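Trainee: First residue of the sequence shown? That's 2 in our numbering, and the numbers climb one at a time after it.
Just so you know, even glycine gets a beta-carbon here, dropped at the ideal spot from N, CA and C.
These numbers come from a predicted model, not from an experiment.
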Amino acid sequence: MSTDILTDDAIDQEKAEVAAMGDYQFGFHDPTDKYSFMSRKGLDREIVAQISEMKNEPGWMTDFRLKSYDIFEAKPMPEWGGDMSGIDFQDIYYYVKASDKQEKSWDDVPEDIRKTYDRLGIPEAEKKYLAGVKAQYESEVVYGSLQEDLAKQGVLFTDTDSAVREYPDLVREHFGTIIPPSDNKFAALNSAVWSGGSFIYVPPGVHIDFPLQAYFRINTQNMGQFERTLIIVDEGASAHYVEGCTAPTYSSDSLHSAVVEILVKKEGRFRYTTIQNWSNNVY
Numbered sequence: 002m003s004t005d006i007l008t009d010d011a012i013d014q015e016k017a018e019v020a021a022m023g024d025y026q027f028g029f030h031d032p033t034d035k036y037s038f039m040s041r042k043g044l045d046r047e048i049v050a051q052i053s054e055m056k057n058e059p060g061w062m063t064d065f066r067l068k069s070y071d072i073f074e075a076k077p078m079p080e081w082g083g084d085m086s087g088i089d090f091q092d093i094y095y096y097v098k099a100s101d102k103q104e105k106s107w108d109d110v111p112e113d114i115r116k117t118y119d120r121l122g123i124p125e126a127e128k129k130y131l132a133g134v135k136a137q138y139e140s141e142v143v144y145g146s147l148q149e150d151l152a153k154q155g156v157l158f159t160d161t162d163s164a165v166r167e168y169p170d171l172v173r174e175h176f177g178t179i180i181p182p183s184d185n186k187f188a189a190l191n192s193a194v195w196s197g198g199s200f201i202y203v204p205p206g207v208h209i210d211f212p213l214q215a216y217f218r219i220n221t222q223n224m225g226q227f228e229r230t231l232i233i234v235d236e237g238a239s240a241h242y243v244e245g246c247t248a249p250t251y252s253s254d255s256l257h258s259a260v261v262e263i264l265v266k267k268e269g270r271f272r273y274t275t276i277q278n279w280s281n282n283v284y
């Protein structure tokens with residue numbers, strides 16, 4: 002029989018985390034010992050290239066990432082918005098893979114991850130009123146679904162990593178056209194290390210009556226989540242996309258820095274809703 006003994010520092014950290022949670026109901030976190038992969042902390046060209054290699058990306062995307070990293074290094078911290086001077090870019094995990102693959106059946110999602118989303122009410126929400134769901138946990142999308150009738154009409158709703166592989170021409174034509182890496186330091190950061198996010202294409206004249214939803218969850222301490230969402234609504238089409246975000250409460254900081262690009266063509270309509278309910282230790 003073994004007994005785990007907590008040091009005084011560990012006890013103090015746990016107390017700080019509990020105190021920081023307060024009334025924040027999403028502040029729980031799960032074990033990370035079964036994760037498929039976790040990069041080392043810190044950011045450099047090696048980490049950027051490693052992310053691209055692990056995703057088996059085409060050369061144009063690898064080049065896009067590396068050029069974006071150079072822009073990130075050259076850009077100053079923005080002076081608009083809140084105070085972000087406390088971010089230590091070298092104390093962040095830039096790529097964390099919790100599961101080996103994305104599942105289409107909820108029952109096939111790893112148990113620890115599934116329990117988290119059960120507590121957050123995602124499966125129940127999907128059953129009631131959603132046209133499609135994506136669930137991203139750490140750096141990768143772990144679950145995805147789309148109503149069959151929408152798929153038959155040509156609607157695409159997948160993660161952006163899969164879209165790069167499966168719809169390369171469509172992605173390459175629009176990727177980075179609304180928010181280029183040169184826009185600001187954090188746009189460049191996302192462009193260098195992005196992972197996951199939603200890709201949506203709605204064909205001409207197709208109207209999606211119920212929302213498409215994505216949910217982004219950070220679990221790991223000192224985690225950076227950098228989803229990249231690209232939405233294309235063709236002529237005369239319409240859709241509504243909702244995304245929600247939460248993270249555990251830790252005594253150290255995490256970073257969420259996403260990019261969302263939305264292109265709506267002539268006479269199309271699109272509504273985008275984001276509900277960011279982060280814990281207070283997330284930049």
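Look at the alpha carbon of leucine 44 and the alpha carbon of serine 69, and state the distance between them as a whole number of angstroms.
Mentor: So the two alpha carbons sit approximately 13 Å from each other.
Trainee: Express the C-alpha separation of isoleucine 263 and isoleucine 93 in angstroms, rounding to a whole number.
Mentor: Approximately 28 Å between the Cα atoms of the pair.
Trainee: For arginine 218, which of helix, strand or coil comes out of DSSP?
Mentor: Arginine 218 falls in the strand class under three-state DSSP.
Trainee: From what residue to what residue does the beta strand (DSSP E) around lysine 135 run?
Mentor: Lysine 135 -> beta strand (DSSP E) spans 133-138.
Trainee: Please classify tyrosine 95: does DSSP put it in a helix, a strand, or coil?
Mentor: It is coil, neither helix nor strand.
Trainee: I want to know whether the region 136-154 touches the region 184-191 - three or more CB-CB distances under 8 Å.
Mentor: With the cut-off at 8 Å, the region 136-154 and the region 184-191 do not touch.
Trainee: Tell me which same chain residues have a C-beta within less than 6 Å of the C-beta of histidine 208, skipping the five on either side of it?
Mentor: Only Ser239 meet the Cβ criterion.
Trainee: What are the residues that DSSP puts in a beta bridge with valine 260?
Mentor: Partner(s): Arg229.
Trainee: Pick from Asp64, Gly245, Glu244, Pro77: whose alpha carbon is nearest that of aspartate 50?
Mentor: Note that residue 50 corresponds to alanine in the displayed sequence, not to aspartate. Answer by Cα proximity: Asp64.
Trainee: Quick one: residues in its chain with C-beta nearer than 6 Å to the C-beta of valine 243, no 5 flanking neighbours on either side, listed in chain order?
Mentor: Pro212, Gln214, Thr274.
Trainee: Taking proline 182 as the reference, give the member of Ile219, Gly83, Val261 with the closest Cα.
Mentor: Comparing Cα positions, the closest option is Val261.
Trainee: Determine the direct distance from the alpha carbon of tyrosine 284 to that of isoleucine 233, and round the result to whole angstroms.
Mentor: C-alpha separation (whole angstroms): 28 Å.
Trainee: Helix, strand or coil for leucine 44 per DSSP?
Mentor: Coil.
Trainee: Tell me where the beta strand (DSSP E) around phenylalanine 200 begins and ends.
Mentor: Segment 199-203, the beta strand (DSSP E) holding phenylalanine 200.
Trainee: Buried or exposed: which applies to glycine 87, given that a residue is buried once 16 or more other Cβ atoms fall within 10 Å of its Cβ?
Mentor: Exposed, since its Cβ has fewer than 16 Cβ neighbours within 10 Å.
Trainee: For phenylalanine 271 and valine 265, I'd like the C-alpha separation in whole angstroms.
Mentor: Whole-angstrom Cα-Cα distance: 7 Å.
Trainee: Rounded to whole angstroms, what's the CA-CA distance from glutamate 149 to valine 156? Just pull it up for me.
Mentor: Between glutamate 149 and valine 156, the C-alpha separation is close to 10 Å.
Trainee: Write down the C-beta distance between alanine 259 and phenylalanine 73 rounded to the nearest angstrom, noting that I regard them as a contact closer than 8 Å.
Mentor: About 15 Å separates the two Cβ atoms, so there is no contact after all.
Trainee: Using DSSP's beta-bridge definition, name the partner residues of histidine 208.
Mentor: DSSP lists Ser239 as partners of histidine 208.
Trainee: Within the same chain, show all residues whose beta-carbon is closer than 6 Å to that of phenylalanine 158, passing over the 5 residues directly before and after it, in chain order.
Mentor: Gly133, Leu147, Ile201, Leu213, listed in sequence order.
Trainee: Taking the straight line between their C-alpha atoms, what separation do you get for asparagine 185 and methionine 55?
Mentor: Straight-line Cα distance between these residues: approximately 26 Å.
Trainee: Roughly how many angstroms lie between the CA atoms of aspartate 254 and glutamine 226, to the nearest whole one?
Mentor: Each residue's alpha carbon lies about 12 Å from the other.
Trainee: Within this structure, are the beta carbons of phenylalanine 38 and glutamine 137 separated by less than 7 Å?
Mentor: Not a contact, by the Cβ cut-off of 7 Å.
Trainee: For threonine 161, which option in Ile180, Val203, Thr230 has the closest C-alpha, if you only look at C-alpha atoms?
Mentor: Ranking the options by Cα distance to threonine 161, first place goes to Thr230.
Trainee: Identify which residue in Lys76, Pro204, Lys98, Gly269 has its Cα closest to the Cα of lysine 153.
Mentor: Of Lys76, Pro204, Lys98, Gly269, the residue nearest in Cα terms is Pro204.
Trainee: State yes or no: is the C-beta of glycine 197 within less than 7 Å of the C-beta of glycine 237?
Mentor: No, they are not a contact pair.
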